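Numbering (the numbering used here), first residue to last: 15 to 649.
Beta carbons are placed, not taken as given, at the ideal position from N, Cα and C, and that holds for glycine.
Every value quoted in this text rests on a predicted model; they were computed, and no experiment measured them.
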Amino acid sequence: MSNYHIKHLEEYYQVYRKSVREPENFWEEIAEEHFMWQRKWDKVLSWDFSKPEVSWFEGAKLNITENCIDRHLATRGNKTAILFEPNDPKEETEHITYSQLHERVNKFANVLKLKGIKKGDRVCIYLPMIPELAISVLACARIGAIHSVVFAGFSSTALSTRINDSDCKMVITSDGSYRGAKTIDLKGIVDDALKDCSCVQSVLVAKRIHSDIKMKADRDEWLQPLLDKASPVCKAEVMNAEDPLFILYTSGSTGMPKGMVHTTAGYMVHTAYTFKNVFQYRENDIYWCTADIGWITGHSYIVYGPLANGATTVMFEGVPSYPDFGRFWDIVQKHKVNQFYTAPTAIRALAKEGVGLVEKYDLSSLKVLGSVGEPINEEAWHWYNDNVGKKKSPIVDTWWQTETGGIMITPIPFVTPTKPTYATLPFIGIQPALMDEQGTELKGNQVEGRLCIKFPWPSMARTIWGNHQRYKDTYFSAFKNKYFTGDGALRDEVGYYRITGRVDDVIIVSGHNLGTAPIEDAINEHPAVAESAIVGFPHEVKGSALYGYITLKETGESRDQNNLRKEINQIITEHIGPIAKLDKIQFTGGLPKTRSGKIMRRILRKIACKETSNLGDTSTLLNPEVVKEIIDQSL
Ligand code: WTA
C-alpha cells in the first residue's frame, strides 16, 4: 500500500526518505493505486536537467477528465463537485454534482469539436469565475485541446499577446463579468484584442451579465444554444502522459510573459496527492480556494487537484469586499467550509477592517487554513490564526510557483508543527537546495541562499511554449543541474524553510507576479517619458507595491505632473492591466547607472524602502550626483 494519506510526523519523515531514496518506486506506487490509466507506463522517470528534459510515466495513456469526473460517477454521482457562489449574495448558489459536471463537460467538449477544435489545438479561455470557466477547462482536456486561461483582469493588449504567442484557434469568453458592484465589458476587451490576432477563428460567448454586445458574424457565437443541441456523450481522448494539458502565462523579469507548459500525467498525480495531504481532505468536506482559475492556484487547487480526489470545490465569483468585508466569512458559514485557502494580501485587507466582521459569523466548520502567493508576514499570520482559525486550525503556508505546478514546501496540517512565516518542510518527493552566489550548495541548517530544486518532481513545467531555450536559460542555467526558483530562502535550526522573497526583478503585488521590464516598456511608450525604472516597496495590504522613477524628455518637463502620473498609469492599465499600476511615481532628472549604463535598481529599491542610511558605495556610478537628488525628492 502506498502512503497516499500522511497522518503523523514520523510517517512524513519515513515517506519523505523513501521518496528521496527511491523516487521512482515511490511515485509509481502512488500513481498505480490512486488513478485511472488506460495504459500503464513503461518508465516512471527520465530526466536530464542539462537539456533540460523531464518525462514522467512515459508510455502511459490516460485522460485527466476520466480521473477528475468519470471514475467518481459510480460512488459520488450525486455529490457536489462544484459549488458555485455568485458575486451577488442574493443570487442562488449552484450545486453541480459529479453527474451534472460529466454531462456539462461532455456537451461542451462536443461543442468544441463541432467548432473544429482538435487534439493539440490551443484554446484561450478568458472568463470570469463562473462554472463555464471550470467546465471549459475540463472540456478542452476531454478532447486533448490545450487550454490557455488568461486571467479576466488582463487588458486587451495583454490578452492578444498571449493569444498570439500560443497561436490560439478559439477564444471562450462571456458578455461581461461582475466584480462587486461593477460590471466589466469582457467581450469588448476580447474584440479589441482580436484586432491583432489572425489565428483566432471562432469566439464562444457565455451569457452572464445579459448586456447588449456586438457579435461579429462568422466568428462569434452564443454558447448556450450550441450546448443545448450538443450530445451529452463525448468519449475522452486518449492522451500520452507527456501530452501538454495546458499553457499558463507567468511574468518574467524581462520581455514577453512566459507560457509555461504543463503536461498530463505527472501534473495530475502531483496536484492530486498534494491536495489530499496539504488540506487533509476527507470525504464530505467542503473545500474553498479563493483564487481565480486564471492563476495556477486555481488550475491546480480549484479544478484538477480537488476533482481528482472527488472533492467538493467552491468557486466564488465575487470579491472579498462585496457587499462588505464580511463576505468570505459569510460564505464559510453558509457552506460550512472546512478548508479555506487564500492569499496574504486578502488576509491583510480583511484584517484592516477589524475583527467585528469575522466575529459576526460562525466559522466553527473550519479545520485547515491555507496561504499562498507571497510570504505571509507575522502580523497577518497571527491575525489569521487567532481570529479566523481560533488557534485550532493549522495554517498551511504553501510555497510553490506557476512553474512547479503544485505545492512544494508546506506543512501538512496536524502533522507538521507550524511556525509563523515558515513554509516549513519540503513536501514528499521534493528536494530543495540552498545555494550561495558562487553556486555552492549550502549544507546543514541555519543557512540562507537561493532556493533551487535538485531533483525532478511530477508536476514541473516541461518547457516554455515555443521557446525551450528561454526555459533553459531562466531556470536551469544559474546553477548547474538544478532548477532555480528565483526565490531566496533560509533554513532554520530544525530544517524549516522560510521564503524570503524574489531575488530577481519580479515583484509580487497583491499576490500577482509582475515583471518590471514589461511595465517599464509600457511607460516608455508615453511620448513625454525618456526612461523609467520600477522597484517594489513594502505596502501594508498589497505586500509590495510599485514605485516608478521616471525621467522625462525635455518636451515633457513643462507638463502638469499629476496629469502625467494619471496618463502613465492609464498606459500601464491598457498594456498590462490595473494590477500593474504604480502607487508612487517620482519624476527625476536622471537614474543612477553603472559605467556600463545599467540602471542600479538596488539603490532605487533602497530609496523606495526608505533605507537610505546604507546605500553602499555609490562612487563608482556613472552619475553619483543623481542619488542625492533622488533621495531629496523621494516620495
Ligand atoms: C511567491 C503561486 C512565500 C514566490 C502559487 C514564488 C511565496 C511566487 C509563497 C510564485 C509562500 C508563492 N511564501 N512566497 N507561501 N507562495 N510565493 O507563479 O516568490 O503566481 O516564486 O505561483 O510567489 O507565484 P505564482
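Contact test: residue i Cβ vs the ligand WTA heavy atom, cutoff 7 Å
i: T89; result: no
i: I522; result: yes
i: D501; result: yes
i: Q415; result: yes
i: V386; result: yes
i: I548; result: no
i: A95; result: no
i: A492; result: no
i: I186; result: no
i: I513; result: yes
i: A244; result: no
i: W395; result: no
i: P389; result: yes
i: N399; result: no
i: A559; result: no
i: W309; result: yes
i: R516; result: yes
i: A437; result: yes
i: A412; result: The question names Ala, yet the displayed sequence has Thr at residue 412. Yes; taking the cut-off as 7 Å, the Cβ of T412 has a heavy atom of the ligand WTA nearer than that.
i: N459; result: no
i: T264; result: yes
Cβ-based neighbour list, residue i, same chain, cut-off 8 Å, excluding 5 preceding and 5 following
i: K374; result: G340 and W343
i: V351; result: I300, Y301, W302, V328, I345, S379 and L380
i: K75; result: W51, Q52, R53, V252, M253, N254 and A255
i: D210; result: S174 and N178
i: S335; result: G194, R341 and A363
i: E625; result: none
i: P440; result: Y30, M422, I423, P446 and Y511
Among the options, nearest to residue i - alpha-carbon criterion
i: P541; options: G525, K494, K433 and K567; result: K567
i: G458; options: F601, Q483, Y511 and T435; result: Y511
i: N298; options: W413, V640, M274 and Q353; result: Q353
i: Q584; options: T412, T197 and T171; result: T171
i: G515; options: P552, G480 and I96; result: P552
i: S407; options: Q294, F168, G167 and W413; result: Q294
i: E47; options: Y563, I590 and Y287; result: Y287
i: M274; options: T608, T477, A357 and L629; result: T477
i: R615; options: P472, I131 and I548; result: I548
i: V292; options: G130, V382 and V369; result: V382
i: V508; options: Q460, A492 and I522; result: Q460
i: S558; options: G370, V640 and V520; result: V520
i: A250; options: D135, G202, Y281 and I157; result: I157
i: T278; options: G134, N576 and I586; result: G134
i: A492; options: L629, I522 and E455; result: E455
Beta-carbon contacts of residue i that lie in its chain and below 7 Å, excluding the five residues immediately before and after
i: A45; result: F71 and V283
i: K116; result: Sequence inspection shows His at residue 116; the Lys mentioned does not correspond to that position. The answer, listed in chain order, is I83, D84 and L87.
i: L147; result: I139, L141 and I307
i: E643; result: T602 and G603
i: A166; result: Y140, L141, P142, S191, L200 and G308
i: Y112; result: I83, H86, L87, R90, G91, K93 and A95
Distance CB(residue i)-CB(residue j) smaller than 8 Å
i: E99; j: V328; result: yes
i: V119; j: A153; result: yes
i: A531; j: G269; result: yes
i: V137; j: K104; result: no
i: Y355; j: G384; result: yes
i: T94; j: I110; result: yes
i: A159; j: L126; result: yes
i: S245; j: K129; result: no
Close Cβ partners of residue i (< 6 Å) along its chain, the five nearest in sequence each way excluded
i: H276; result: L259, F260, G419 and A475
i: F40; result: K32 and S33
i: Y489; result: Y497 and F498
i: I442; result: V29, Y30 and S33
i: G387; result: A357 and G525
i: L578; result: none
i: N391; result: none
i: G695; result: Here the chain comprises residues numbered 15 to 649, so residue 695 is not present and cannot be evaluated.
Residue-chain proximity (residue i, chain D), Cβ-Cβ < 8 Å
i: C466; result: Structure shown: chain D not included; a single protein chain is present.
Residue i Cβ short of 7 Å to the ligand HEM heavy atom set
i: N527; result: With respect to the ligand HEM, the structure shown offers nothing to examine, as its ligands consist of the ligand WTA.
Exercise for the section: Take every Cβ of the segment 185–205, pair it with every Cβ of the segment 222–232, and state whether three or more of those distances are shorter than 8 Å. Expected result: Inter-segment contact for the segment 185–205 and the segment 222–232 is present: three or more beta-carbon pairs are separated by less than 8 Å.
Practice task
Answer yes if the segment 405–421 comes into contact with the segment 307–319, meaning at least three C-beta pairs across the two stretches below 8 Å, and no otherwise.
Solution key: These segments touch.
Practice task
Count the C-beta pairs between the segment 422–441 and the segment 387–397 that are closer than 8 Å, then say yes if the count reaches three, no if not.
Solution key: Taking a cut-off of 8 Å on C-beta distances, the segment 422–441 touches the segment 387–397, as three or more cross pairs fall below it.
Practice task
Inspect the CB distances between the segment 453–469 and the segment 499–508 and report whether three or more fall short of 8 Å.
Solution key: yes
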